[in-house]
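Peer 1: Please find one structure pasted underneath; my questions will follow.
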Ligand SMILES: *[C@@H]1O[C@H](CO)[C@@H](O)[C@H](O)[C@H]1NC(C)=O
Ligand SMILES: *[C@@H]1O[C@H](CO)[C@@H](O)[C@H](O)[C@H]1NC(C)=O
Ligand SMILES: *[C@@H]1O[C@H](CO)[C@@H](O)[C@H](O)[C@H]1NC(C)=O
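As structure tokens, this is what we get:
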């Protein structure tokens, strides 16, 4: 498919470098077109959500619940979309580049402990290790992890210090990577929608590192930049988004949360490929009534470190020599209270990083003497063990769950519509 007619021999007259440049430009144009389409598409959807917001505001105005917050936000959003078009029209201008978050802050805040004060990437590999024989015996991924394990703080690429302003009942935080634009898009339209529910505010954030695929890094980064301009819901740090760096994502989020979110009651943290019911989360939180040190999820007790080298979760004894991990919740989705999240930040600072992020969080909980609670509505290791089982796609099960692992964007959208339709479930599964 070729939209622009090229004279014959157009490509053959180019050398490799020119061809590469041409290819790169074409790719960027394609991506920009895709983003533009998304914006147009979103514009039409947004009309609906505006009405929804207004309806909610009206419904809750009588409860004396800050109706302006939602309206103000809506206003901010329309401004942002407008900015986007303005910017898009003046292509090639340097203003296109989103200014670094630190520059947006007033100068007085620069040094205060209430801001992300890490501005430079200052970390060299710990070459001392390479002289040690146990280190040389490890796989290259573990070597890479250990060489940089002491690097604990990275600068932010996109920050949103304003995200937690005012009282927030539930902050939804989703681990994602630059390339998964479609997953974030579906989440924003389904369970991750920012809203006011029963008069309580729900906010959403995505956590990103830097794209690990070098060839596509530039294009995806550009896209993430646009995405953030439109939605303002991306926190990005300047470390490589790799499996072992997920723990960095955890510690960076905890520090960020500790810094900017003094008034958040609860945090839901999860993956970008799970199904979540925010209504069920609300119902659960209602039932536990201000319980302290609340940490609930798909908890594993006495899990053994995996010692088979082929396994994704393999951990050599040189890294962890105990028989069992402390109790921990599957990272696919768990719920904790805000004060505990802040204490977890402090606990994390007392430990060396561990390459598996959810186990690391279990270690932090152990430092605080907090035992995570297991709840059957969190299914981060799959609904039914047999992947092919029909139950894994049965909407009546999803309706009663809080988190279910793991759905592709189209499946998630489909399931969302099924669960939120007039679904009649003959047999009510009581889990909450
Ligand atoms: C490497 O060893 C030197 C000398 O023992 C020490 O000063 C330095 O802090 C070590 N580097 C790291 C990253 O631990
Ligand atoms: C984690 O990110 C840092 C910074 O980008 C990088 O140097 C390091 O190699 C990454 N670690 C792993 C295990 O991928
Ligand atoms: C286990 O690891 C710890 C810390 O890495 C170390 O101090 C201890 O000696 C190890 N124990 C055994 C039995 O290897």
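Residue numbers (full-length UniProt numbering): 1 to 432. Yeah, the Cβ is synthetic: ideal placement off N, Cα and C, and Gly gets one too. Note that this is a predicted model, so its numbers are computed, not measured.
(1) DSSP three-state label for residue 373, please.
(2) How far does the beta strand (DSSP E) with residue 416 in it extend, from its first residue to its last?
(3) I believe residue 158 touches residue 230 by the beta-carbon criterion, under 8 Å. Please report the beta-carbon distance rounded to the nearest angstrom.
(4) Could you give the distance in angstroms between the alpha-carbon of residue 218 and the alpha-carbon of residue 415?
(5) Let me know the secondary structure DSSP gives residue 267 once reduced to three states.
(6) Buried or exposed for residue 256, please, with buried defined as at least 16 other CB atoms from any protein chain shown within 10 angstroms of its CB.
(7) Taking only three categories from DSSP, how would you classify residue 328?
(8) Any chance the CB of residue 357 is under 8 Å from a heavy atom of ligand 2?
(9) How about residue 301 and residue 210: do their beta carbons lie closer than 9 Å?
(10) Can you confirm whether the segment 155 to 175 touches the segment 260 to 268 when touching is taken to mean that 3 or more C-beta pairs between the two stretches lie within less than 8 Å?
(11) Where does residue 224 land, buried or exposed, given buried means 16+ other C-beta within 10 angstroms?
(12) Excluding five sequence neighbours on each side, which residues of the same chain lie with their C-beta closer than 7 Å to the C-beta of residue 308?
(13) Helix, strand or coil for residue 288 per DSSP?
(14) Closer than 8 Å: is that where the CB of residue 128 sits relative to any heavy atom of ligand 3?
(15) Residue range of the alpha helix (DSSP H) that residue 249 falls in?
(16) Cβ atoms of residue 154 and residue 239: under 9 Å apart, would you say?
(17) Would you mind sorting residue 343 into buried or exposed? The rule is 16 or more other CB atoms within 10 Å of its CB.
(18) Please identify the residue among 402, 162, 316 whose C-alpha is closest to the C-alpha of residue 270.
(19) Can you give me the C-alpha to C-alpha distance between residue 272 and residue 184, rounded to a whole angstrom?
(20) Using the beta carbon as the reference atom, which residues fall closer than 5 Å to any heavy atom of ligand 2, ordered along the chain?
(21) Express the C-alpha separation of residue 191 and residue 412 in angstroms, rounding to a whole number.
(22) Taking C-beta to C-beta, are residue 244 and residue 135 nearer than 9 Å?
(23) Which of the three DSSP states, helix, strand or coil, is assigned to residue 134?
(24) Label residue 165 either buried or exposed according to how many other C-beta atoms from any shown protein chain fall within 10 Å of its C-beta, with 16 as the threshold for buried.
(25) When every heavy atom of ligand 3 is checked, does at least one fall within less than 8 Å of the C-beta of residue 290?
(26) Are at least three pairs of beta-carbons, each pair with one atom in the segment 358 to 373 and one in the segment 395 to 410, less than 8 Å apart?
(27) Among the candidates 423, 400, 410, whose CA atom is the shortest distance from the CA of residue 443?
(28) Short of 7 Å in beta carbon distance, which residues of its chain neighbour residue 366, apart from the five on each side in sequence? Order them along the chain.
(29) Within 10 angstroms of its Cβ, does residue 162 collect 16 or more other Cβ (buried), or is it exposed?
(30) For the alpha helix (DSSP H) that residue 168 lies in, which residues bound it at each end?
(31) Suppose the cutoff is 8 Å on Cβ atoms and the five residues either side in sequence are ignored; what does the same chain contact list for residue 279 look like?
(32) Would you report the Cα separation of residue 355 and residue 195, rounded to the nearest angstrom?
(33) Distance check for residue 399 and residue 125, CA to CA, integer angstroms please.
(34) Which residues mark the beginning and the end of the beta strand (DSSP E) in which residue 188 is found?
(35) Using the Cα positions of residue 294 and residue 323, report the straight-line distance between them to the nearest angstrom.
(36) Is the distance from the Cβ of residue 438 to the Cβ of residue 297 below 9 Å?
Peer 2: Reading off the structure:
(1) strand
(2) That residue, residue 416, is in no beta strand (DSSP E); its alpha helix (DSSP H) goes 409 to 419.
(3) At roughly 12 Å, the Cβ-Cβ gap does not stay under 8 Å, so residue 158 and residue 230 are not in contact.
(4) 34 Å
(5) strand
(6) By the 10 Å Cβ count, residue 256 comes out buried.
(7) strand
(8) Checking the Cβ of residue 357 against ligand 2 gives no.
(9) Cβ distance not < 9 Å, so residue 301 and residue 210 don't count as in contact.
(10) yes
(11) Counting every other CB atom within 10 Å of its CB across the protein chains shown gives residue 224 a total of 16 or more, marking it as buried.
(12) 314
(13) helix
(14) Of the heavy atoms belonging to ligand 3, none sits nearer than 8 Å to the Cβ of residue 128.
(15) 246 to 260
(16) yes
(17) buried
(18) Of 402, 162, 316, the smallest CA-CA separation from residue 270 is found for 402.
(19) 7 Å
(20) 144, 145, 148, 239, 240, 242, 244, 245
(21) 10 Å
(22) no
(23) helix
(24) exposed
(25) no
(26) Judged by pairs of C-beta atoms under 8 Å, the segment 358 to 373 does not touch the segment 395 to 410, as fewer than three such pairs exist.
(27) The requested residue 443 is not part of the displayed model; the chain covers only 1 to 432.
(28) 326
(29) exposed
(30) Run containing residue 168: none in the alpha helix (DSSP H); it sits in the beta strand (DSSP E), 168 to 175.
(31) 197
(32) Rounded to the nearest whole angstrom, the CA to CA distance from residue 355 to residue 195 is 35 Å.
(33) Cα-Cα distance, rounded: 48 Å.
(34) No beta strand (DSSP E) holds residue 188; the alpha helix (DSSP H) holding it covers 181 to 189.
(35) 26 Å
(36) With the chain covering 1 to 432 only, the question about residue 438 has no answer from this structure.
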